[in-house]
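To start, the structure itself, in structure tokens.
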Ligand code: 0L1
Ligand code: MG
């Protein structure tokens, strides 16, 4: 069984490295979500063997708009590595990805360890800074089609991320306007309240869900809280910008 899971992890890792889509697990070989997370851990281990370092986690499918876009209705999480982080204002090379999409998010940076069942107040106290962010998702599956366990195995589609300037940890993030613009025109508009009702709930969920897999959120870790809107497919030549009210902007160009 372990060797079969490891083969799936290797196949997904090859899809990442070669920027070519692969197939979902066939219907009669589908696994449960816990097994999906085991495959995810094996895949991230392959990245670590190449020298990548885990720098945080992302929460996925935290808004109704996102769940409807892909037809999966459970919150998921994935691991972020240093190699996935891109410089704010920089360039994303389209050819490095299969069918990338961008989505506007809020990022937390932790100032202290956060793990297990924590309250909203404990989560708030663990935040060192908040920032506007863009996550690049790039399902490794053909046609962006997957089940819950497929997407979990695929590190919740995470491919890259950009983080803007940091704001104070006590910034009110309950209901901030979030706009994703392409070539300076708004394409997706939402509110941070669409992220589980309040982005802080994502942090609580991150502490709880990661602990279940034995993963602890440490000081300095980044937590991407999830998108407020549907994700936008990217093409070469696009200028992409996310603006989060009171937090500021983050942008990049697609080459
Ligand atoms: O970050 C996200 O919400 C994406 C989670 C996985 C589903 C997708 O690929 O859209
Ligand atoms: Mg996301």
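Residue numbers (the working numbering): 1060 to 1314.
We put the beta carbon where it would ideally sit given N, CA and C, even for glycine.
Residue j beta carbon less than 8 Å from that of residue i
i	j	result
residue 1251	residue 1165	yes
residue 1007	residue 1313	Coverage of the chain is limited to positions 1060 through 1314, which leaves residue 1007 absent and any answer about it impossible.
residue 1145	residue 1290	no
residue 1136	residue 1115	no
residue 1303	residue 1193	no
residue 1139	residue 1125	no
residue 1175	residue 1266	yes
residue 1122	residue 1287	yes
residue 1151	residue 1195	yes
residue 1103	residue 1084	no
residue 1212	residue 1099	yes
residue 1199	residue 1080	yes
residue 1224	residue 1307	yes
residue 1078	residue 1154	yes
residue 1315	residue 1197	Any question about residue 1315 goes unanswered here, given that the chain covers just 1060 to 1314.
Cβ distance (whole Å) where residue i is taken to contact residue j below 8 Å
i	j	result
residue 1182	residue 1173	6 Å
residue 1094	residue 1064	7 Å
residue 1142	residue 1111	5 Å
residue 1189	residue 1230	6 Å
Extent of the continuous alpha helix (DSSP H) to which residue i belongs
i	result
residue 1105	1092-1108
residue 1258	1258-1271
residue 1209	1207-1212
Limits of the unbroken beta strand (DSSP E) element including residue i
i	result
residue 1157	Where residue 1157 is concerned, there is no enclosing beta strand (DSSP E), given that its DSSP letter is neither H nor E.
residue 1299	1298-1303
residue 1283	1281-1286
Below 8 Å, how does it come out for the segment 1272-1287 and the segment 1168-1180: are there three or more Cβ pairs, yes or no? yes
Does the segment 1228-1239 come into contact with the segment 1141-1157, if we say contact requires no fewer than three beta-carbon pairs (one atom in each stretch) closer than 8 Å? no
Does the structure place the segment 1201-1215 close enough to the segment 1076-1091 that three or more beta carbon pairs sit under 8 Å? yes
Which runs of the beta strand (DSSP E) at least 3 residues long sit entirely within the segment 1118-1142? Give them in chain order. 1135-1140
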